[in-house]
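Contents: one structure, followed by commentary.
In this note's numbering, the protein residues as written are 17 to 249.
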């Protein structure tokens, strides 16, 4: 029977599932994995199990595999890729400035086998980056992929400390971004001061939604109790 492990790919907090075979894996183990983009490295977040989350059952047959646990040569390659990523970031940032492109580079990631470099960027509008890609490929001698991301994803990649004094939720444990609205702040009786209810990304803080349902439930209970008191009178 096939076994599946939940793994976060390097540079992401989101959990993806991979076929683990007979490998003995523990939480926190680094592993080399197959992905649709190529070979990469990740960290085990969910122990191997015979069952998959329901939403993934349809993709069961096309599930990618864990190749092996990370070895010494994998960590060496990881360190080498980090140097390449830093160099590629500088090259790309200089080209963006030279070409006067309306985009902001956030991060560069080399696949584990160094077959491709992925450039994550933010832009308010659609960007024609064909000339940029040609220049990058010419200077770096590697396949190039440009990937546009949102401001919340960028904050999660860069990291930081929130007003609470803790590491940003998006860079520590959040895997998906649920909608956050001003209504949530109102329901909790918070002052609608943009500075106080916005995160480092400039958007409403994700944590506004953590206790929102509790406040809704509390309001319903209070309303119900008030009605009962009126009946008693």
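Built from N, CA and C at the ideal position, the CB exists for glycine as well.
Would you mind working out which of the options sits nearest residue i, comparing C-alpha positions?
i	options	result
residue 156	34, 141, 124, 51	124
residue 83	36, 68, 92, 121	36
residue 167	240, 137, 150	137
residue 173	43, 18, 187	187
residue 20	41, 26, 28	41
residue 66	90, 38, 57, 48	38
Within the same chain, show all residues whose beta-carbon is closer than 6 Å to that of residue i, passing over the 5 residues directly before and after it, in chain order.
i	result
residue 22	31, 33, 61, 62
residue 159	132
residue 100	126
Quick check on the DSSP output: the beta strand (DSSP E) that includes residue i runs from which residue to which?
i	result
residue 43	No beta strand (DSSP E) contains residue 43, which DSSP labels as neither H nor E.
residue 201	Element bounds for residue 201: not the beta strand (DSSP E) but the alpha helix (DSSP H), 198-203.
residue 162	159-164
residue 55	54-65
residue 22	20-25
residue 82	82-85
To which residues of the same chain is residue i closer than 7 Å at the C-beta, ignoring the five residues directly before and after it?
i	result
residue 115	147, 148
residue 129	54, 55
Please confirm whether any heavy atom of the ligand ADP lies closer than 7 Å to the CB of residue i.
i	result
residue 241	Ligands displayed in this structure: none; no statement on the ligand ADP is therefore possible.
Per DSSP, what are the beta-bridge partners of residue i in this structure?
i	result
residue 123	136
residue 131	Residue 131 is not bridged to any residue.
residue 31	24
residue 177	183
On the premise that residue j lies in contact with residue i, defined as a C-beta separation below 8 Å, what is that separation, rounded to the nearest angstrom?
i	j	result
residue 184	residue 224	Not quite, the Cβ-Cβ distance comes to about 14 Å (not below 8 Å), so this is no contact.
residue 81	residue 50	5 Å
residue 29	residue 127	That belief does not hold up - the Cβ atoms of residue 29 and residue 127 are roughly 19 Å apart, past 8 Å.
residue 57	residue 46	6 Å
The alpha helix (DSSP H) spanning residue i covers which residue range?
i	result
residue 91	88-114
Looking only at its own chain, which residues have a Cβ that is under 8 Å from the Cβ of residue i, when we skip the five neighbours before and after it?
i	result
residue 108	121, 124, 135, 148, 152
residue 202	208
residue 196	219, 220, 221, 222, 224, 225
residue 194	222, 225
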